[in-house]
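Participant: So that we are looking at the same thing, I have put the structure below in structure tokens.
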Amino acid sequence: MTAPGRRSSTFTRLLRHGFTAPSAAERLLDGPELAELRADPVLLEALGATADPDLALFGLVRLLEAQPDPTARQELLDTLIAAKPLRDRLLGVLGASEALADHLARHSGDWQALVTYEPRDLHRGVEEFERGLAEATDPVSLRVAYRRCLLSIAARDVCGTIDVAETAAELADLATATLRAALALAEAAAPEDAARCRLAVIAMGKCGGHELNYVSDVDVIFVGESAEGTDGDETKALRAATSLASHMMRICSETTVEGSIWPVDANLRPEGRNGPLVRTLSSHVAYYQRWAKTWEFQALLKARPVAGDPGLGAEYVAALQPLVWQAADRENFVPDVQKMRRRVVENIPVTEVDRQLKLGPGGLRDVEFAVQLLQLVHGRADTSLHSATTLDALEALAAGGYVGRTDAAQLDDAYRFLRSMEHRIQLHRLRRTHLVPEEEADLRRMGRSLGMRTDPVTGLLRAWKRHAAVVRRLHEKIFYRPLLDAVAQLAPGEARLSPEAARERMVALGYADPAAALRHLEALASGVTRKAAIQRTLLPVLLGWFADSADPDAGLLGFRKVSDALGKTPWYLRLLRDEGAAAENLARVLSAGRLAPDLLMRAPEAVALLGDGAAGGLAPRGRVQLEQEILAAVRRADGAEQAVTAARGVRRRELFRTAAADIVGSYGTEAQPVEADQGALVDMVGGAVSDLTAATLAGTLRAVVRERWGDTLPTRFAIIGMGRFGGHELGYGSDADVLFVHEPRDGVGEREAGDAANKVVSEMRRLLQVSSADPPLLIDADLRPEGRSGPLVRTLKSYEAYYRRWSLGWESHALLRAEFVAGDQDLGRRFIELVDPLRYPADGLGEDAVREIRRLKARMESERLPRGADPKLHAKLGPGGLSDVEWTVQLLQLRHGHREAGLRTTRTRAALTAAREAGLISEEHTDTLDEAWVLATRVRNAVMLVRGRAGDTFPSDPRELAAVGRYLGHGPGHAGDMLDEYRRTARRARAVVEDLFYA
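Those letters in the sequence shown? Residues 4 to 1002, by the numbering used here.
Here it is, written out as structure tokens:
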């Protein structure tokens, strides 16, 4: 007897053997079922070797309790102690699978299936499983026999007798035998149908690939033909075959008193769920020749006849396999590959992403997809790659030089570990799941089952993260690293890609000019210098990012140019290698279009902005900072031309910073997800470019005045921003709409002051457009009184006189955007005070004025739209475009701005919000107009980023259109969806405009 407060020796031994609930275990051991083995060290040792000793002991007690009589119980106990193979297998299963323990408790004699221990038992095949299922006469008995066979696989799996690949193959063989048994039951139930048709069952997916999970849908495709000796009526034969196929699926899938086996899924068939369940062979061939998509050929990599008519199954494979190896030549192969390569992580619930073994980053699908894509690209010319099994195909790819041997070995190791985890997760309750559990007890059981005994939870999680990181790192690189080995040729004797295989791979990954791309790779990666070595490390990742864009060729060419310019600069490669964000940011920027790379190539050192160090950071700088920097550069300069050159250099650098931030926010990177608020990106670009333009004008004004007049100009001078400039809504290609106002200083005559002001304007415009490496800044003063016919510069008094006597309705309308941007602040303030009564009239607008505005708008729509342009896709002047939204908002400002302070703003979105808050427009209409305005603005920004020149319509070039689509969040192959979305958004906005503006 144990003294009070002291633990028994059994309790201590149980703890030492891995029990987590030793008190409960001690009570089970003290029970009558195990009374004679209570102190047997062999039993405790065996239980302690299982994944979950508590679960194993509980399952053993249940099994003993389920024995029909004392004789049977004694036989089990005797065999358990005497036969180590049985002991290890039985307790191993009970400690790993609660579901199989339940099965043994219901079918207490099935433990006998684990007694056999012969060499042929080590690797059972389809024939052995067919014998194990032979006695099944109905769906219920088939389930019992299936579980009995599954018991033997699980036993040898948890004991390490077979490895993970062999386990998966045996599970596929068991599925094959089960499909055959189920089809036999269906045929026995309908012999007339069986006699009328030939039916072949083609396994797909993991079953076809001989790599099935414990619990998985079994993917199949059915082929049917008329049986020989019948009347040859194809319709009747297909009807009979469909009946048999449906019955076979139900036998496997339906739930009975013994549960179900697994779902049989026929959705990979032509046309999916919408297509007929059974087709003739000729119908299958016709579909794949005419209609099949790339993913369907990828699925056919796994096709394998498993049940039914073997001759028909062989004919199916012989007819369709050649089409699989022609898939890489299809016209839509590249966009299809890009779509497939973009992992659909967004479809996984946020709470599950980090627990997904299959679909998450670094998961099983990454390995499987990478292997299958390389098979499709190179399998036409190399039949050694024609394997349906992932690990066998990976080995063949490595042997042929298509994947580096070290990379292949690491992927093989990671894939085996991840599949082992998947097997253990599913085996516990025989449920289909790919989620790593969160409960510590589940993680502990998994870790112990994989051989981690000291700290199983920590060891399991560390190993999982390590292997997932390997997959994440390699699943992209294996596409590109062999390309570098092929062009660099640094390891003689190693198997490497042939020139033709390298070309095929570049084409498959989206490179339109593979020869040029390979030349760029050779120039970047060849040699034994430190620079080449770092490039070889960086390029596999960079090439993947380039291939993920709409124009991989441009990205790679741009990278070569930047590297040629900066390759000898110590910090450049160090920046890309050591600062996580820099390399991906650079790849995104270089492959997103022409504007950002052009800006970068004019001064490549701006690449430092892409890093996350002290010199980096893509957040746009504020106007005060920009103006301080530009004015300091002006002070240091010798002469106006040098000063403005410096100012334009700052402008070019900051335009690049803004464009890069916009691209990264739109595309997203590993470190920074896509900006969800598209309006925030629009506001960022508009504000940054407007602030930059204002700072550039301020610096240019200071430089011109300093050159000719020293510190003081004979007249006070102010620049008023108009249009998008005044509204803080400039795009990358926008001109700067301005008004110039001056006021003679005391003692200075009107003529002298006017001459000085005009010379300032003329010189500013000249210096900002001088041909140089920096983009010009065009100044547009056409919104001035009298337009192009009026004087370029006026005094404040002249403006006052003109607006008092001659001002037209359109000028009041234009003044809604007027804002001081540079020069004399006091003069600018007084000008704004002068125009406020005009743009916010005290009595609002009369009906005549409203009609005139509507008439002007209608005339602009009819006269200014370019000939041949599709109005529905014109972002500025088309229905629901920028003009529609802005005129609607501005009409509200003109009518209600005097009364509603919130409407007195130059910014469209701010005025729209103020109108809603004032009750002038509903929330629904506000959202509709805002969405349309943001989208139209982003279209214009996208066109400028992609083409390098301004435009208001979508590009006609397919690659440019695809690049605009990627910027707007549409994946490869979805340019049509982008255009449809724009039309829908604009159509809704136009309906609101009709209601608010024209009503």
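Ideal Cβ positions, reconstructed from N, Cα and C, are used throughout, including at glycine.
None of the values given here were measured: they were computed from a predicted structure.
Determine the contact status of A917 and T908, defining contact as a CB-CB distance below 8 Å.
Facilitator: Their beta carbons are under 8 Å apart, which means A917 touches T908 by this criterion.
Participant: Output the boundary residues of the alpha helix (DSSP H) element that contains G812.
Facilitator: Start and end: 812-817.
Participant: So, at 7 Å on beta carbons, what are the nonlocal neighbours of A322 in its own chain, with the 5 sequence-adjacent residues on each side left out?
Facilitator: If we look at A322 and ignore the five residues flanking it on each side, its Cβ neighbours are L284, V288.
Participant: In this structure, does DSSP put G311 in helix, strand or coil?
Facilitator: Three-state DSSP puts G311 in a strand.
Participant: To the nearest angstrom, report how far apart R993 and D887 are at their CA atoms.
Facilitator: One C-alpha to the other measures close to 7 Å.
Participant: Please report how far the alpha carbon of V996 lies from the alpha carbon of G558, in whole angstroms.
Facilitator: If I take the Cα positions, the gap works out to 41 Å.
Participant: Ordered along the chain, which non-local residues of its own chain (more than five positions away) have a Cβ less than 8 Å from that of L241?
Facilitator: Once the five neighbours on either side are set aside, the close Cβ partners of L241 are C200, G227, P279, V281, R282, T283.
Participant: What would DSSP say about E920, mapped onto helix, strand or coil?
Facilitator: Correct three-state label for E920: helix.
Participant: Identify whether H431 lies in helix, strand or coil by the three-state DSSP scheme.
Facilitator: In the structure shown, H431 sits in a helix (DSSP, three-state: H, G or I).
Participant: Give a yes or no on whether the C-beta atoms belonging to L602 and R563 are separated by under 8 Å.
Facilitator: Going by C-beta atoms, L602 is not nearer than 8 Å to R563.
Participant: So, helix, strand or coil for A618, using DSSP?
Facilitator: Because the pLDDT at A618 is just 45, under 50, the model does not fix this residue reliably, and the value given afterwards should be weighed accordingly. DSSP places A618 in coil when its eight states are reduced to three.
Participant: Using the C-alpha atoms, what's the distance from E39 back to L304?
Facilitator: So the alpha carbons of these two residues sit roughly 56 Å apart.
Participant: Determine the DSSP secondary structure at L136, reduced to helix, strand or coil.
Facilitator: Helix.
Participant: Exposed or buried, what is S219 when buried is set at 16 or more other beta-carbons lying within 10 Å of its beta-carbon?
Facilitator: Result: buried.
Participant: For the beta strand (DSSP E) containing L742, name the first residue and the last one.
Facilitator: Run containing L742: 739-747, per the beta strand (DSSP E) assignment.
Participant: Taking Cβ positions, are S229 and E237 nearer each other than 8 Å?
Facilitator: Yes; because the gap between Cβ atoms is below 8 Å, this pair is in contact.
Participant: What span of residues does the alpha helix (DSSP H) with A663 cover, start to end?
Facilitator: Here the alpha helix (DSSP H) through A663 covers 643-670.
Participant: For P840, which option in K860, L830, L819, F823 has the closest C-alpha, if you only look at C-alpha atoms?
Facilitator: Cα-wise, what sits closest to P840 is L819.
Participant: Indicate whether the contact test is met: 3 or more Cβ pairs, each with one atom in the segment 654-668 and one in the segment 769-787, closer than 8 Å.
Facilitator: Contact holds: three or more Cβ-Cβ distances are below 8 Å.
Participant: In angstroms, rounded to a whole number, what distance separates the CA positions of A622 and T672?
Facilitator: Using only the alpha carbons, I get a separation of about 15 Å.
Participant: Going by alpha carbons, who is nearest to W114 out of G462, V406, R65?
Facilitator: It is R65.
Participant: Would you give the residue range spanned by the beta strand (DSSP E) that V223 belongs to?
Facilitator: That run of the beta strand (DSSP E) goes 221-229.
Participant: Cutting at 6 Å between CB atoms, please list the residues of its own chain near L326, excluding the five before and the five after it.
Facilitator: Hits under 6 Å: Y291.
Participant: Buried or exposed: Q375, going by 16 or more other Cβ atoms within 10 Å of its Cβ?
Facilitator: Classification of Q375: buried, given that the 10 Å Cβ count is 16 or more.
Participant: Along the chain, where does the beta strand (DSSP E) containing R719 start, and where does it finish?
Facilitator: 718-724 is the extent of the beta strand (DSSP E) around R719.
Participant: For the candidate residues P44, R867, Y418, whose alpha-carbon lies nearest to that of Q471?
Facilitator: It should be pointed out that residue 471 corresponds to Ala in this sequence rather than to Gln. With distances taken between Cα atoms, A471 lies closest to Y418.
Participant: How big is the Cα-Cα spacing for T929 and D998?
Facilitator: Answer to the nearest angstrom: the Cα atoms are 12 Å apart.
Participant: Please go through the same chain and pick out, in chain order, the residues whose beta-carbon is closer than 8 Å to the beta-carbon of F823, but skip the five residues on each side of it.
Facilitator: Once the five neighbours on either side are set aside, the close Cβ partners of F823 are A721, I722, I723, G724, G831, R832, F834, I835.
Participant: Just the C-alpha distance for A148 and L97, rounded to the nearest angstrom, thanks.
Facilitator: A148 and L97: Cα-Cα distance of roughly 18 Å.
Participant: When DSSP labels each residue in this structure, what does Q70 get in the three-state scheme?
Facilitator: Correct three-state label for Q70: coil.
Participant: Report yes or no: do three or more beta-carbon pairs, one from the segment 405-416 and one from the segment 473-492, lie closer than 8 Å?
Facilitator: Yes, they touch.
Participant: What did DSSP end up calling G232 once you bin it into helix, strand or coil?
Facilitator: DSSP places G232 in coil when its eight states are reduced to three.
Participant: Taking Cβ to Cβ, would you say R146 is nearer than 8 Å to A116?
Facilitator: No, these two residues do not count as a Cβ contact at 8 Å.
Participant: Need the endpoints of the beta strand (DSSP E) that I205 sits in, please.
Facilitator: Taken as a continuous stretch (DSSP letters only), the beta strand (DSSP E) holding I205 covers 200-206.
Participant: Less than 8 Å between the beta carbons of L32 and R19, yes or no?
Facilitator: No.
Participant: In this structure, what does DSSP give as the bridge partners for T259?
Facilitator: Bridge partners of T259: G262.
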